[in-house]
Amino acid sequence: MRLDPTVTQRTTHLVSLEPRRTLNLLRGLMRGVWIVSYQWVLASIRAGKWIDEEPYELTRFSRAIEICRTERQAFGVHYHCELFRFMEPFYVSSLCRPVQFNNMKELLMLGGATLTENRFKAKYIIGDKRRAEDDRVYLDPYWVLDSITNMQIQRFGKYLMKSAIISASGIRYEDPRERDEEDNSQRRHLHDFVDPPFVLDK
Numbered sequence: 001m002r003l004d005p006t007v008t009q010r011t012t013h014l015v016s017l018e019p020r021r022t023l024n025l026l027r028g029l030m031r032g033v034w035i036v037s038y039q040w041v042l043a044s045i046r047a048g049k050w051i052d053e054e055p056y057e058l059t060r061f062s063r064a065i066e067i068c069r070t071e072r073q074a075f076g077v078h079y080h081c082e083l084f085r086f087m088e089p090f091y092v093s094s095l096c097r098p099v100q101f102n103n104m105k106e107l108l109m110l111g112g113a114t115l116t117e118n119r120f121k122a123k124y125i126i127g128d129k130r131r132a133e134d135d136r137v138y139l140d141p142y143w144v145l146d147s148i149t150n151m152q153i154q155r156f157g158k159y160l161m162k163s164a165i166i167s168a169s170g171i172r173y174e175d176p177r178e179r180d181e182e183d184n185s186q187r188r189h190l191h192d193f194v195d196p197p198f199v200l201d202k
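Oh and the sequence shown: position 171 is 171 in UniProt numbering, straight run, nothing missing.
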């Protein structure tokens, strides 16, 4: 047995005291490892051997835990999470919070995303409140976290960033989520954020 502080490609089991969303739990979910409660360890000690993990699997956190784990068991070393694989490129802002820049990039890459260091080549900007008037989609980091937790691409609506929009006429502040309160004629003059044309069910 080898104990590590971080889930890596060598990890087979993640033991958690409670079903709480952490970076390691999200890493483990996407890697398809066993995610079990600490009770599994205690029960194994009492039995004098490693017992069956399934009754202790933390599926109450997310059903995706069991789905990804069974897929990894089926495909072995060839298993890769493809949650973001078919989406256009992502750019992660260095201002990204509460998940920091490097950790957010790691999560997206584990989900099969295409990343770019050039924001002008990206379709999706994660965690940046500054934006130009363009057709890029500026998303709150929680969109990534919730998509991973559910192993399903979430609709953009409530995750659109409240932004400082920089244009030739100056800077203005806009909350895209307030557009639902405007009449249809006003909406036609604003950028239309389109939800993904597909939903991935694992």
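Yeah, the Cβ is synthetic: ideal placement off N, Cα and C, and Gly gets one too. This structure is a prediction, so every number in the text was calculated from the model and none was measured.
Restricting attention to beta strand (DSSP E) runs no shorter than 3 residues, the region 64-112 encloses them at 90-92, ordered along the chain. The beta carbon of Pro-89 lies closer than 7 Å to those of Thr-114, Leu-115, Thr-116, Lys-121, Ala-122, Lys-123 in the same chain, with the five residues before and after it left out. Of the other Cβ atoms in all chains shown, fewer than 16 fall within 10 Å of the Cβ of Ile-45; this residue is therefore exposed. With 16 or more other Cβ atoms inside 10 Å of its own Cβ, Leu-110 counts as buried. Separation of Arg-136 and Ser-147 (C-alpha to C-alpha, rounded to the nearest whole angstrom) is 19 Å. With 16 or more other Cβ atoms from the protein chains shown falling within 10 Å of its own Cβ, Val-99 counts as buried.
In the DSSP assignment, Tyr-38 falls within the unbroken alpha helix (DSSP H) covering 38-47.
Judged by their CB atoms, Arg-27 and Val-41 are not nearer to each other than the 8 Å cut-off.
Contact annotation: Tyr-142 and Leu-160 have beta-carbon atoms that are not nearer than 8 Å.
Judged by DSSP in its simplified three-state form, Glu-54 adopts helix.
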